[in-house]
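The listed protein sequences correspond, in order, to chains W and U. When you line the first sequence up against the working numbering, it's residues 1 to 147, in that order. When you line the second sequence up against the working numbering, it's residues 1001 to 1711, in that order.
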Amino acid sequence: MATNTLGTAEEQLVVFRLDSETYGIDIFRVNEIIRLREITPIPQADAHIRGLVNLRGKTIPVVDLRSRFGLCSAEASEHARIIVVDTDEGNVGVIVDEVREVITIESSSVEETPPLVSGISNDFVRGVANQDGHLVTLLDLDKALGA
Amino acid sequence: MSTELDMTQYLDLFLQEAEEQLEILEKETLLLEKDPTDDRMNAIFRAAHTLKGSGRAMGFINLADLTHEMENVLDLLRSKKLHVNTRIADALLRCLDTLRDATASIADGNGDQVQAKELIQELIACQSPSGESQAPSNSVSATASSVAERFELSLTPDVVEALNAAGKEQSVWVAKVVLTQDCVMKYVRVFMVINALQGGGEFLASSPNREDLEEEKFDYEFALVFSHEGAEEEIVKSIKSVGEIESVVVTKWSPELAGGEHGDPAATSSSLTPTPASITPASNAEAVADAVVETVRPETGPAPAAASKAAGKKSESGQTIRVDVARLDELMNLVGELVIDRTRLSQIGATLAAKYELDENVEGLAETVGHISRITADLQDQIMKARMLPIETVLNRFPRMVRDLAQKIGKEIDLKLEGGETELDRSVIEVIGDPLLHILRNSIDHGIELPGDRELAGKSRAGNVTVRARHQENHIVIEIEDDGRGIDVERVKAKAVSTGMISAEAAERMSEKDALQLIFASGLSTAAQVSEISGRGVGMDIVRSNLVKLGGIIDLETKMGEGTKFSLRLPLTLAIIRGLLVRVAEVIYVVPLGSVIETLLIAQDEVQSVNGKEVVVIRGVTTPIVRLRSVFGNNLSTAEEETEHYVVVVGVAENRVGLVVDKLVGEQEVVIKSISRFCGELKGISGATILGNGNVALIVDVNGVLAKVGS
Chain W
1 MATNTLGTAE EQLVVFRLDS ETYGIDIFRV NEIIRLREIT PIPQADAHIR GLVNLRGKTI
61 PVVDLRSRFG LCSAEASEHA RIIVVDTDEG NVGVIVDEVR EVITIESSSV EETPPLVSGI
121 SNDFVRGVAN QDGHLVTLLD LDKALGA
Chain U
1001 MSTELDMTQY LDLFLQEAEE QLEILEKETL LLEKDPTDDR MNAIFRAAHT LKGSGRAMGF
1061 INLADLTHEM ENVLDLLRSK KLHVNTRIAD ALLRCLDTLR DATASIADGN GDQVQAKELI
1121 QELIACQSPS GESQAPSNSV SATASSVAER FELSLTPDVV EALNAAGKEQ SVWVAKVVLT
1181 QDCVMKYVRV FMVINALQGG GEFLASSPNR EDLEEEKFDY EFALVFSHEG AEEEIVKSIK
1241 SVGEIESVVV TKWSPELAGG EHGDPAATSS SLTPTPASIT PASNAEAVAD AVVETVRPET
1301 GPAPAAASKA AGKKSESGQT IRVDVARLDE LMNLVGELVI DRTRLSQIGA TLAAKYELDE
1361 NVEGLAETVG HISRITADLQ DQIMKARMLP IETVLNRFPR MVRDLAQKIG KEIDLKLEGG
1421 ETELDRSVIE VIGDPLLHIL RNSIDHGIEL PGDRELAGKS RAGNVTVRAR HQENHIVIEI
1481 EDDGRGIDVE RVKAKAVSTG MISAEAAERM SEKDALQLIF ASGLSTAAQV SEISGRGVGM
1541 DIVRSNLVKL GGIIDLETKM GEGTKFSLRL PLTLAIIRGL LVRVAEVIYV VPLGSVIETL
1601 LIAQDEVQSV NGKEVVVIRG VTTPIVRLRS VFGNNLSTAE EETEHYVVVV GVAENRVGLV
1661 VDKLVGEQEV VIKSISRFCG ELKGISGATI LGNGNVALIV DVNGVLAKVG S
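This is the structure:
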């Protein structure tokens, strides 16, 4: 969260698409965005953990938000990316269908989520923001990752 | 330490040094009781002194005060005015604990917040030979005087010489004066002090010199050297009459007071012995109370010792440097990556060689790849060596624990540590401490008998416990041997039967060796009584499971009435292992080669079923088999009926199990990477690694798989 010249609080979001919905996460939690690569499945891990990927010699777990949000799984397209985010347990990758843009919103414009507007459990959501007529669902990252 | 910044910059160094000195203190103090040699006392003295010096430099006054008082005691020990007894050793060890607390608190950023007052009084009491407590009546003056005492003189050699000459003819005194912090015109006070003394004597020298005093180039402490006809009390009185004076310490002049910076340390050290009249221990304690200390300052002693140590360090510093552990880990990581790329390179090289057999560049490539392989291997070797630490760093913790424990339970223990120089990787050092400690406590608590019982059995009163470390091939072997009562196998069996762990018939048939393995089972303790130390039946099972996790093996031998010997066998490093790559349902797994006994191909009709579990008979031995597909199969389809199976036979201790895999891929050195805690606890997987093609592969935890299958 930052303050602009007018003194109103702003935040920057990385906006991505999952299925037909648009989501935003705090840019300060995002480390980098990488292309989809070979994911090694981990037996017995939670279903939403797709597996491990090699990030420059380190192994990081990758979360499948589709499975987490109860969406049906889909073939990965060429737009699919892994967003590497910071968590208390180190880096975690998040698979998304497409990374759209980085937007700046005024914190005051974040509204409470109307029940079931996004089709995903409200537990994972901290609000919605209206961006030029489009709704962006702001994720509560830690809850969404199940960290 | 003029600014906050300066201090934090040196804090790490200070803590590192403190840790080193504390280790020396602990090691030597424990031996001091048994074997109070001069070398030992000097070593302790030096360590305490170094701590005091660096503590004070960093502004940790509590720490400095405590070490200062330790020095006083040690000085008396060195000069044989006192003899080591349990009380002194206890006090010194308590100091050690307090100092550890202090450094821990400093490391946490809380400064040296420790309550050292009581301990300081105990130390002062220790200084009286009768051992009676003579606590100072006025602790405020004691602190004030200690501030004055700490101030060291700086005099030029020619001044010292002149003073020495003067000292032969008249009584020469040194007054160390501390002005109050709010004193405004410092030189005026200095001048008044000098004037006050002119009545009975003559000003000779000062520290800092007169010029600096006039320009007020000093904090609040200064020292004057002067001749005086009067007695000490009189001098103190006349100085104190000046006002705005915090404290005064008056001492008879002696050349050592000039500090150790001048002249040859070796030459000065001969004059270290305090003048006989000056340092009677009782007067010391009293003197502190009165803020009039007529002793040779202990500070003067250590200076040459410290100087010679510094000289020793200097000669070493050419060969060793300190390296941050994190940096070594990072290097290790990089080398790990290099190892991965090397593997990848040789794979590509082989592919190209097959494709362009006739191209002359292929040969060049093969050569270069070969060279890189060798260099990488050497590099890896060297980095591994750089991460090695002597096992001493773990073992040195034990003497203290053993001493305290023995004292507590009224046993006498003679602990021997052998092979402390044996080196192993940091990763292993970090984790073996606790298991070893546990076994050691067990040996002392259960193994060694009470002194009286030992005498009846015709043994020495003190039980012998030996911890021995040595290298054996690519492993380290650590043995913990005691000459205690041994383990009663029948009692172990009886206990196991009574707790329902095994049936009476099974116990009957059980071999001695198998029965002994029962002590590693959870919930079994043969101690008649549960003590604070051990006997709750938890512990040995944890010890074993921890060791097994490291790829280690634990074994024991015992003989009734003669003793018990535990043997631990551990890999030298946990960072890199040789692994067998296998494929299970399109995914590559790594089985640590250390636990692989053999691989074979069996036909489906060789698989038999016993009690609902699949087994095969390998050379007459019935071996259970486990299909990894079903173990690792959350989303994986179960193996379709195949006529043949690849089986990797793995062994843990006496247990053999065949792991059924789809395919054997190859053998390779792999760098172990931990799996993020984010993934939760994974049974059957001990870590991950990165293969030559850049993909991640999981490392099979053989014990985990066995446990999973067993349950």
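Yeah, the Cβ is synthetic: ideal placement off N, Cα and C, and Gly gets one too. Note that the coordinates shown come from a computational prediction; the quantities given were computed from them, not determined experimentally.
In chain order, what residues of the same chain have a beta carbon less than 7 Å from the beta carbon of residue i, not counting five sequence neighbours either side?
i	result
R1485 of chain U	G1447, E1449 and G1561
I1444 of chain U	V1402, L1405, A1406, K1411, I1413 and V1465
T1098 of chain U	L1066, V1114, A1116 and L1119
A1496 of chain U	I1502, A1507, L1518 and L1524
L1352 of chain U	V1362 and L1365
Ignore the nearest five residues each way along the sequence and tell me which others in residue i's own chain have a CB closer than 8 Å to its CB.
i	result
E1216 of chain U	K1186 and Y1187
Q1715 of chain U	Residue 1715 of chain U is absent from the model: chain U starts at 1001 and stops at 1711.
V62 of chain W	I39, I49, R50, G51, L52, V53, I82, V92, G93, V94 and I95
A1223 of chain U	F1151, L1153, V1174, A1175, K1176, V1177, S1206 and S1207
G1463 of chain U	K1411, E1412, I1413, D1414, I1444, G1447, I1448, E1449, R1454, D1482, D1483 and G1484
Kindly list, in the order they appear in chain W, the residues whose Cβ is closer than 8 Å to that of residue i.
i	result
G1336 of chain U	G57
F1632 of chain U	P43 and Q44
R1677 of chain U	E89 and G90
V1587 of chain U	T40 and P41
K1683 of chain U	Q44
Only counting the same chain, and skipping five residues up and downstream in sequence, which positions put a Cβ closer than 6 Å to that of residue i?
i	result
K1416 of chain U	T1466
L955 of chain U	No statement about residue 955 of chain U is possible, as the shown extent of chain U runs from 1001 to 1711 and does not include it.
S1567 of chain U	E1479 and D1555
G1704 of chain U	K1683 and G1684
List, in chain order, every chain A residue whose beta-carbon is nearer than 7 Å to that of residue i.
i	result
D46 of chain W	In the structure shown, chain A cannot be found, because the protein chains are W and U.
With DSSP collapsed to three states, give me the class of residue i.
i	result
N1464 of chain U	strand
L1717 of chain U	Past the boundaries of the shown model lies residue 1717 of chain U; chain U is included only from 1001 to 1711, so the question cannot be answered.
V1323 of chain U	coil
V1160 of chain U	helix
K1683 of chain U	coil
L1555 of chain U	What sits at residue 1555 of chain U in the sequence shown is Asp, not Leu. Here D1555 of chain U sits in strand by DSSP.
L1698 of chain U	strand
V1114 of chain U	coil
A1585 of chain U	coil
A1469 of chain U	strand
V102 of chain W	strand
D1414 of chain U	strand
Any idea if residue i is buried or exposed, counting beta-carbon neighbours within 10 angstroms, 16 or more meaning buried?
i	result
E1026 of chain U	buried
K1034 of chain U	exposed
S1686 of chain U	buried
F28 of chain W	exposed
S1207 of chain U	buried
A1043 of chain U	buried
Q1472 of chain U	exposed
N1361 of chain U	exposed
H79 of chain W	exposed
R1374 of chain U	exposed
G1563 of chain U	buried
I1597 of chain U	exposed
G1452 of chain U	exposed
Y23 of chain W	buried
Chain U partners of residue i, CB-CB under 8 Å?
i	result
N54 of chain W	I1690, G1694, N1695 and V1696
I60 of chain W	S1676
Please list, in chain order, the chain W residues whose beta carbon lies closer than 7 Å to that of residue i.
i	result
I1542 of chain U	Within chain W, no residue comes near I1542 of chain U; the closest Cβ sits about 23 Å away, beyond 7 Å.
N1333 of chain U	G57
I1383 of chain U	Correct list: empty, because the minimum Cβ distance to chain W is about 15 Å.
Name the chain U residues whose beta carbon is nearer than 7 Å to that of residue i?
i	result
I95 of chain W	Ordered by position in chain U, no residue passes the 7 Å Cβ test against I95 of chain W, which lies about 15 Å from the chain.
I49 of chain W	C1679
(request) Mind the definition here: the region 1319-1332 of chain U touches the region 40-59 of chain W only if three or more C-beta pairs lie below 8 Å; say whether that holds. (result) Proximity of the region 1319-1332 of chain U to the region 40-59 of chain W falls short of the contact definition, fewer than three beta-carbon pairs being nearer than 8 Å.
(message) Could you check whether the region 1049-1058 of chain U touches the region 1424-1435 of chain U, counting it as contact only if at least three pairs of C-beta atoms, one from each stretch, sit closer than 8 Å?
(response) When C-beta atoms of the region 1049-1058 of chain U are compared with those of the region 1424-1435 of chain U, fewer than three pairs fall below 8 Å, so the two segments do not count as touching.
(message) I'd like to know if the region 1162-1178 of chain U and the region 1239-1256 of chain U are in contact, where contact means that at least 3 CB-CB pairs between them fall below 8 Å.
(response) Taking a cut-off of 8 Å for Cβ pairs, the region 1162-1178 of chain U and the region 1239-1256 of chain U touch, as three or more such pairs fall below it.
(message) Taking contact to mean 3 or more Cβ pairs, one atom from each stretch, closer than 8 Å, check whether the region 1654-1666 of chain U and the region 1624-1632 of chain U are in contact.
(response) Between the region 1654-1666 of chain U and the region 1624-1632 of chain U there are three or more C-beta pairs closer than 8 Å, enough to call the two in contact.
(request) Please determine if the region 1220-1234 of chain U and the region 1191-1202 of chain U are in contact, where contact requires at least 3 C-beta pairs separated by less than 8 Å. (result) In short, these stretches touch, since the Cβ pair count reaches three.
(request) Evaluate the contact criterion for the region 1331-1347 of chain U versus the region 1381-1391 of chain U: three or more CB pairs, one atom per stretch, below 8 Å. (result) Yes: at least three Cβ pairs fall under 8 Å.
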